[in-house]
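One point on numbering: in the working numbering, the residue at position 99 of the sequence shown is 176, and numbering is uninterrupted.
By construction, the Cβ of each residue, glycine as well, lies at the ideal position given by its N, Cα and C atoms.
These notes are about the structure you will find just below.
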Amino acid sequence: MKKNTFLIFVFALILGCATGSTTKDVEINTSSGSSQDESIIRVTTTTPIIADWVSEIAGDNLLIESIIPYGVNPHSYQSGAKEIATITESDLIFSIGLAYEEAKITKLLANNSEIKVIEIGNVISSTEFSKKTDKHSHDHGTNDPHFWFDPLMVIDAVKLITNELSQLDPNEADYYNSRSKKYIIELEDLDKYIKDAINQIPVNNREFMTAHESLGYLSKRYDIDVIHAVIPNVSSEAGVKPEDLVNAVKLIKKHDIKIIFLENETPDKSAKTVADETGIKVVSGLGVETLKDKNQNYVTFMKSNIDIIIENLKNQ
């Protein structure tokens with residue numbers, strides 16, 4: 078029956094499918110002043126992760142807002158009038174770039190050319206997507222935008238943000254630089270935390286599969302092997318081809334992969350179908366694209382992901 082179910086699912090993909098996203102209210106505001114106070118400097122980010130980096134540097138000096146809410150996949154978030162107002166009122170905007178944000182948001186940013194937009198991913202040393210996955214099937218460009226899975230690359234982002242905030246608000250430059258230095262130490266400690274955790278895993282247990290290709294930087298930095306992504310298209314399952322699923326099954330069997338990790342923010346029907354076909358263990362709970370709520374920050378986001386990975390790989 079498993080094989081019949083698998084084939085039915087594959088044929089269903091040929092007919093196509095569609096998914097939607099749910100929007101949530103977002104409150105990422107580290108300023109004590111009113112949002113209507115024109116004396117307050119407004120810094121807007123496209124994602125909660127970037128907003129967290131900015132707030133670590135700026136403290137309560139700025140009004141910091143994220144266009145995309147907590148817990149929502151940035152690839153499929155549909156912006157509206159509220160986002161237009163947020164963008165037009167901004168003094169400075171930070172985005173990931175690298176074709177990461179949904180096309181409508183990218184267009185909104187481009188249409189407000191009088192506002193400075195810093196695309197962080199286009200400034201740091203990003204890397205290409207794995208050659209194991211067809212680049213043309215990604216919603217992104219050819220370079221992987223998920224650089225936050227390498228804390229050392231986040232340090233480069235933090236230095237960039239610090240420089241931009243210091244130019245925007247030169248009277249507080251010393252304050253921003255002081256906070257930035259402290260945060261960089263925290264990021265260096267995070268890097269050590271991840272290294273020490275990975276070292277707990279036997280080398281021959283460091284292979285696994287993900288539902289989407291998003292952990293390339295983690296793999297490269299910490300010597301773990303993400304064999305393949307089941308779904309090359311990151312925003313929905315509509316772009317999944319039958320050969321993607323067939324190839325995933327073949328690779329699981331070839332490499333004797335024991336675990337597939339599923340992300341909180343993305344559809345998982347295809348990955349679960351592959352798991353049913355192969356018997357591979359399914360582990361849910363990874364946060365890949367965004368912070369889940371206002372109580373989570375980037376460092377706790379990373380530690381939570383690493384703890385899930387370590388717990389499952391160590392005891393295969």
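- Isoleucine 170 is bridged by DSSP to Thr121 and Val194.
- The Cβ neighbour count for isoleucine 262, taken over all protein chains shown within 10 Å, is under 16; the residue is labelled exposed.
- In the DSSP secondary-structure assignment, isoleucine 336 is bridged to Lys358.
- Per DSSP, the continuous beta strand (DSSP E) segment holding isoleucine 141 begins and ends at 140–143.
- Rounded to the nearest angstrom, the Cβ distance from threonine 239 to isoleucine 134 is 5 Å, consistent with a contact under 8 Å.
- DSSP places aspartate 302 within a strand segment (E or B) once states are collapsed to three.
- Contact fails between the stretch 175–187 and the stretch 272–287, because fewer than three Cβ pairs, one in each stretch, are under 8 Å apart.
- For isoleucine 337 against phenylalanine 285, the beta-carbon gap comes to about 7 Å, under 8 Å, which counts as contact.
- Under a 10 Å Cβ-count criterion, proline 151 is classified as buried, with 16 or more other Cβ atoms of the shown protein chains found around its own Cβ.
- Note on geometry: alpha-carbon atoms of isoleucine 141 and serine 291 lie some 26 Å from one another.
- For phenylalanine 378, the uninterrupted alpha helix (DSSP H) run begins and ends at 375–391, by DSSP.
- Remark: C-beta atoms of tyrosine 154 and isoleucine 164 do not approach each other more closely than 9 Å.
- Linking isoleucine 201 to aspartate 251 through their CA atoms gives a straight-line distance of about 23 Å.
- Within the same chain, Ile195, Ile197, Val200 and Ile201 come within 8 Å of leucine 237 by CB-CB distance, once the 5 residues on both sides are set aside.
- Out of Thr123, Tyr147 and Leu185, the CA that lies nearest to the CA of isoleucine 173 is found in Thr123.
- In the structure shown, asparagine 220 falls within a strand segment according to DSSP collapsed to helix, strand and coil.
- Scanning its chain for C-beta atoms nearer than 6 Å, with the 5 sequence neighbours on each side dropped, one finds around serine 167 the residues Arg119, Thr121 and Ile192, in chain order.
- Taking 9 Å as the cut-off, the beta carbon of lysine 369 is found closer than this to the beta carbon of asparagine 341.
- At least 9 Å separates the beta-carbon of phenylalanine 378 from that of leucine 295.
- C-alpha of alanine 288 to C-alpha of alanine 352: approximately 10 Å in a straight line.
- With contacts defined by Cβ atoms closer than 9 Å, alanine 187 and proline 222 do not form a contacting pair.
- Of the residues assessed, threonine 350 falls on the buried side of the cut-off, its CB having 16 or more other CB atoms within 10 angstroms.
- By a beta-carbon distance limit of 8 Å, alanine 348 does not contact valine 376. Their separation comes to about 27 Å.
- Rounded to whole angstroms, the gap between the alpha carbons of valine 149 and glutamate 366 is 8 Å.
- Going by beta carbons, leucine 245 and valine 131 fall outside the 9 Å limit.
- With a contact defined as Cβ atoms closer than 8 Å, valine 359 and leucine 339 qualify at about 6 Å.
- Counting along the chain, asparagine 188 sits inside the alpha helix (DSSP H) bounded by residues 180–188.
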